[in-house]
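Written out below as structure tokens is the structure these notes cover.
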Amino acid sequence: MEYSDYFPYPTLRKGQEEFMEMIYKNVKIGRNTVIEAATGFGKTPCVLSSILPVAEEKAKKIVYCCRTHKQMDRVIEELKEIGKEKNVSGVSLRGRKEMCLNPVVTDFTGDTASALYVCKLLKKHNRCKFYKNVKENEDLVFELALKFSKRAVNSLEIKEVCRENALCPYEVTKEVLREADLIACSYLYIFHPGIRDNFLEAVGCRLDDLILVLDEAHNLPELAVDLGSDRISLSSLKAGINEATNYEEEEILAFLENMYEIVLSIADDIKLEDESLLTYQDLISRFTGKKSQFVDISTEKAIEDFSHYMVKRGEEIQKDKLNQGKPPRSFIHSCGVFVSNWINVRDRKDYCYFIERYITRGGVSSLRLNILDLDPRNITNQVFSSAYSIIAMSGTLTPLNAFCDIVGMQNYESKVFASPFKRSNILTLISKGVTTKSPYRNLEMYRKLVQKIMEIIDVVPKNVAVFTVSYSVLEGLLSAGLQQIVKKPLFVENKGSASSENDILVKTFKALAKKDGAVLLGVMGGRNAEGEDYPGDEMNAVVLVGIPYAKPMARVQAQVKYYADVFPGRGKYYGYYLPAHRKLNQAAGRAHRLLDDRACIIFLDYRVGQPFVKNNLSKWMTERLRILEDKEGNLKRSLKVFFDM
């Protein structure tokens with residue numbers, strides 16, 4: 002097969018030949034492929050070797066969607082290995098903000114979408130010297146683009162060269178994109194509708210020209226729901242009110258003041274404690290001065306027209322702020338978009354409205370209105386219906402058919418590949434006698450959990466991670482004395498800490514693997530349980546305290562009900578159980594990242610041993626699984642045997 006000519010290493014591991022043949026054959030005929038294979042399998046070089054010859058034959062471009070910059074860099078590294086024997090090219094594309102040198106974008110935008118908008122404003126009003134230099138130095142830009150487009154290159158390499166020449170890195174990279182065989186980028190470039198349109202224009206392609214690779218594809222459902230949803234808080238409304246005052250927009254001011262009071266009145270009327278579902282009328286009818294189950298058509302039309310006016314006026318304010326050298330952000334604009342979105346989905350069953358009470362970063366209780374997209378397919382189908390071929394892969398996609406249902410994957414072949422890890426390097430334990438099930442969350446249970454955690458920490462040679470189902474359970478462990486009795490340094494994840502602070506915490510924790518080890522205490526589904534890897538001694542054991550089932554609040558109930566209608570008999574499974582099992586699975590896999598990693602996985606909840614839960618864990622975890630009786634010392638003895646081997 003042609004793919005064997007592209008594989009950059011002298012030998013194949015078990016399962017890699019089958020993996021490559023499966024993808025190669027499917028991509029040749031435009032079929033999709035869904036694969037679960039553990040980290041360490043070698044998915045990246047295998048998938049690249051499988052699709053590069055097909056892309057060349059059929060004149061397709063490869064877009065490799067990744068979750069992190071580190072993964073994008075890994076793709077380019079593997080492409081460079083292939084490039085030693087084959088003429089291949091590729092580029093990693095970071096977010097617009099990361100690719101920019103203009104301080105207005107880097108200092109005053111928070112995400113790719115806002116950076117894209119501000120970038121457009123800067124270019125349109127001739128306020129970016131880096132973009133201007135690109136237009137005035139076309140020969141240099143052409144020379145650089147030609148140089149970079151002949152090989153695999155990291156976007157940061159392009160950025161540094163552009164910094165030296167005061168050129169816009171994104172504009173230079175755009176020239177490279179058109180010629181590159183492969184682009185490694187964030188999911189947002191493909192699944193965010195506005196960003197996707199700009200991306201495809203820059204690349205010079207349509208979706209049906211693309212072979213898409215979705216790495217860590219288990220993240221896709223949550224990402225799609227987030228992209229399809231919207232929300233607005235009291236603080237955003239207050240900022241809009243201040244903006245309307247400053248710009249002497251009396252009608253907008255009155256509208257936003259009214260909306261602010263409406264949000265407060267909704268919370269008061271329903272005596273809101275955490276969150277509650279709303280109807281379309283709960284917001285719109287109150288603009289007339291009283292709550293009603295009916296909305297007059299003329300009133301609705303007036304509100305809709307006014308929301309469009311707010312959006313347009315907000316765009317003008319953004320331009321004005323830009324001209325004044327201020328951050329070009331408009332809260333009038335975001336408030337107008339939210340109201341418009343509220344009206345646009347009024348008759349759709351795949352959306353719901355709710356109000357929530359939440360704690361701000363400053364520790365203050367506040368309110369937020371939400372428009373929740375209940376169906377990931379609203380976003381994914383925009384891509385899946387047109388892309389030439391898709392490869393979705395992850396180490397935690399089990400069960401594959403459920404993933405495909407939820408994201409709307411069709412015309413696919415799927416397979417779970419055997420683990421590349423030696424069975425002797427993995428030990429999975431489930432302890433009876435403990436749980437985080439709500440009725441049992443008391444001091445007695447927390448003390449029992451702490452006792453079992455200490456058995457683990459005492460015998461594990463180096464680093465240990467303890468991931469709980471929630472911050473309240475985390476606090477329960479601390480209140481039961483964990484912090485006082487643990488002998489190794491303890492690092493506690495803080496819900497409200499900035500990313501930079503958390504990065505320092507994790508870096509320090511990892512560094513202690515070279516000494517006597519440390520303990521990291523965090524939550525499943527959090528940034529340290531999903532967004533980090535801990536190879537080698539950075540994590541000799543990962544302890545999972547409980548199963549992270551969501552509180553059955555308004556949004557969860559709406560999701561379950563919607564899935565029950567769309568997938569009869571599977572509503573609660575898809576909307577409630579499976580998301581929790583996936584978070585559990587993800588956190589459990591943090592310790593095994595390299596082939597020679599030797600680590601244990603310990604579940605401190607008897608329910609994990611039940612087939613309903615266990616069958617949703619990756620097979621490589623359950624192949625060497627033992628359920629321990631609730632006896633003091635059982636965990637310590639089992640772990641000592643494992644680490645002494």
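Each step along the sequence shown adds one to the number in the numbering used here, with nothing skipped, and position 346 is 347. Here a beta-carbon is modelled for each residue, glycine too, at the ideal position from N, C-alpha and C. Quantities reported herein were computed from a predicted structural model and do not represent experimental measurements.
For this session: Please determine if the stretch 498 to 518 and the stretch 529 to 547 are in contact, where contact requires at least 3 C-beta pairs separated by less than 8 Å.
Result: yes
For this session: Using a threshold of 8 Å, state whether the C-beta atoms of Glu176 and Glu276 are closer than that.
Result: no
Exercise. Buried or exposed: where does Arg97 fall if 16 or more other Cβ atoms within 10 Å of its Cβ makes it buried?
Worked result: buried
For this session: Scan the stretch 211 to 286 and note each continuous beta strand (DSSP E) run of 3 residues or more that stays entirely inside, going in chain order.
Result: 211 to 216, 231 to 234 and 276 to 279
Problem set entry | With 16 other Cβ atoms within 10 Å as the buried cut-off, status of Ser286 | buried
Exercise. So Met446 is in the beta strand (DSSP E); what residue range does that whole segment cover?
Worked result: Where Met446 is concerned, there is no enclosing beta strand (DSSP E), although the alpha helix (DSSP H) it sits in stretches over Leu444 to Val460.
Problem set entry | Rounded straight-line distance, which links the Cα of His219 to that of Leu208 | 22 Å
Problem set entry | Distance, Ile196 Cα to Tyr76 Cα | For the sequence presented, residue 76 should be read as Val rather than Tyr. Approximately 22 Å, taken between the alpha carbons.
Exercise. Where do the ends of the beta strand (DSSP E) carrying Phe355 lie?
Worked result: Tyr352 to Ile360
Problem set entry | Whole-angstrom C-beta distance between Cys169 and Cys129, which should lie under 8 Å | 7 Å
Exercise. Which residues in the same chain have their Cβ closer than 7 Å to the Cβ of Thr45, if we skip the five residues on either side of it in sequence?
Worked result: Arg75, Val76 and Glu79
Exercise. Expressed to the nearest angstrom, what Euclidean distance is found between the alpha-carbon atoms of Ser299 and Thr174?
Worked result: 49 Å
For this session: Return the residue from the list Ser390, Leu636 and Lys496 that minimises the CA-CA distance to Met23.
Result: Ser390
Exercise. For Gly31, which of Tyr7, Ala38, Glu58 and Pro9 has the nearest alpha-carbon?
Worked result: Glu58
Problem set entry | Contained alpha helix (DSSP H) runs [length at least 4] in the stretch 60 to 142, N- to C-terminal order | 70 to 84, 104 to 109, 113 to 125 and 130 to 137
Problem set entry | Span of the beta strand (DSSP E), counted from its first residue to its last, around Gly523 | Val520 to Val524
Exercise. Would DSSP call Arg369 helix, strand or coil?
Worked result: strand
Exercise. Considering only residues of the same chain and omitting the five flanking positions on each side of Lys160, which have a CB-CB separation below 6 Å?
Worked result: Pro170
For this session: Output yes or no for whether 8 Å exceeds the beta carbon distance between Asp414 and Asn27.
Result: Reading the sequence as shown, one finds Glu at residue 414 and not Asp. Result yes, Cβ atoms of Glu414 and Asn27 sit closer than 8 Å.
Problem set entry | Span of the beta strand (DSSP E) around Tyr413 | Tyr413 to Val417
Exercise. Thinking C-alpha only, which one of Ser236, Gly290 and Asp606 is nearest Gly363?
Worked result: Ser236
Exercise. Any idea what DSSP makes of Cys186, helix, strand or coil?
Worked result: strand
For this session: Within 10 angstroms of the Cβ of Ser308, are there 16 or more other Cβ atoms? Answer buried if so, exposed if not.
Result: buried
For this session: Kindly list the residues whose CB is nearer than 7 Å to the CB of Tyr25, restricted to its own chain and excluding five residues on each side of it in sequence; keep chain order.
Result: Met2, Tyr4, Ser51 and Val55
Exercise. Residue range of the beta strand (DSSP E) that Cys601 falls in?
Worked result: Ala600 to Phe604
For this session: Measure the CB-CB distance between Arg152 and Arg424 and report whether it falls below 8 Å.
Result: no
Exercise. Looking at the structure shown, is Ser703 part of a helix, part of a strand, or coil, going by DSSP?
Worked result: What the structure shows of the chain is the stretch from 2 to 646, and residue 703 is not part of that stretch, so it cannot be assessed.
For this session: Could you pull out every residue in the same chain whose Cβ sits closer than 8 Å to the Cβ of His582, ignoring the five residues on either side in sequence?
Result: Ile548, Val614, Asn617 and Leu618
Problem set entry | For Val338: DSSP bridge partner residues | According to DSSP, Val338 bridges with nothing at all.
For this session: Determine the DSSP secondary structure at Ile36, reduced to helix, strand or coil.
Result: strand
Problem set entry | Cβ shell of Val142 (< 8 Å), same chain only, five flanking positions each side left out | Val135, Leu168, Glu172, Val173 and Glu176
Exercise. Is the beta carbon of Leu94 less than 8 Å from the beta carbon of Ile184?
Worked result: yes
Exercise. Among the residues of its own chain, which have a CB less than 6 Å from the CB of Pro580, if the five just before and after it don't count?
Worked result: none
For this session: Please report how far the alpha carbon of Lys81 lies from the alpha carbon of Arg349, in whole angstroms.
Result: 48 Å
Exercise. For Pro9 versus Ile83, is the C-beta spacing smaller than 8 Å?
Worked result: yes
Exercise. Which residue comes first and which comes last in the beta strand (DSSP E) that contains Thr397?
Worked result: Taken as a continuous stretch (DSSP letters only), Thr397 belongs to no beta strand (DSSP E), as it is neither H nor E.
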